[in-house]
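Q: In the UniProt record's numbering, the protein residues as written are 1 to 163. Idealized CB from N, CA, C, for every residue including glycine. Provided herewith is a single structure, encoded as C-alpha cells, for subsequent inquiry.
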C-alpha cells in the first residue's frame with residue numbers, strides 16, 4: 001500500500017511540503033512541517049519503498065530536491081543547496097528530529113526571506129528549554145530538605161506505601 005501511495009504522490013508531497021516550509025506565512029507549523037518532510041526523506045533513506053523504475057531512489061530524490069531548490073531560490077549558491085540536501089539525508093537518521101529541524105531552520109534563515117522576524121521558528125525549542133529548566137529547578141529543590149512546599153503539586157512522592 002505504501003509503495004503504491006509513494007509511486008503516485010511522493011514527489012508531489014515532497015514539493016508541496018517544501019513549498020509550505022519555505023512560505024513565510026506558514027511559520028507557525030514549522031515543527032510538524034519538518035517532521036512530515038523528514039519522514040518523506042526517511043522513506044527513501046531507509047529503503048522503505050524501493051522502486052527505482054519510478055525514481056524513488058536516494059540519488060533521484062536528492063537531485064530532485066537540489067533542482068527544485070535551485071530553481072526556486074536563485075540567490076542561493078549551488079554548493080550550499082547540495083550541502084543542505086546531503087545533510088537533510090544525514091540528519092534524517094537521527095531518532096530525535098531536533099538536528100534535522102535546526103538544519104532546516106538554518107537554511108530557511110539563509111534564504112533572506114526569513115531574515116526578519118524568526119521568533120516563531122524557535123518557539124518549540126524555547127518551550128522545550130523552559131520545560132528542561134523547570135525540571136532542573138525541581139530536581140535541585142528536591143535535593144535540599146524544606147525547599148519544596150509541603151503541598152507542591154509538581155512533586156510526586158515515591159515509595160510512600162502505608163500498609
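Beta carbon of residue 14, beta carbon of residue 61: below 9 Å?
A: Closer than 9 Å, so yes.
Q: Hey, how far is the Cα of residue 99 from the Cα of residue 34?
A: 11 Å
Q: Cβ of residue 65 less than 9 Å from any chain B Cβ?
A: Absent from the structure is chain B; it holds one protein chain and no more.
Q: One question on the structure: do residue 69 and residue 84 come within less than 9 Å of each other, judged by their Cβ atoms?
A: yes
Q: Return the chain-ordered list of same chain residues with a C-beta closer than 6 Å to the C-beta of residue 104, the five sequence neighbours on each side being excluded.
A: 34
Q: Check the C-beta distance from residue 92 over to residue 38 and give it rounded, since I have them as a contact under 8 Å.
A: 5 Å
Q: Classify residue 149 as buried or exposed, calling it buried when 16 or more other Cβ atoms lie within 10 Å of its own Cβ.
A: exposed
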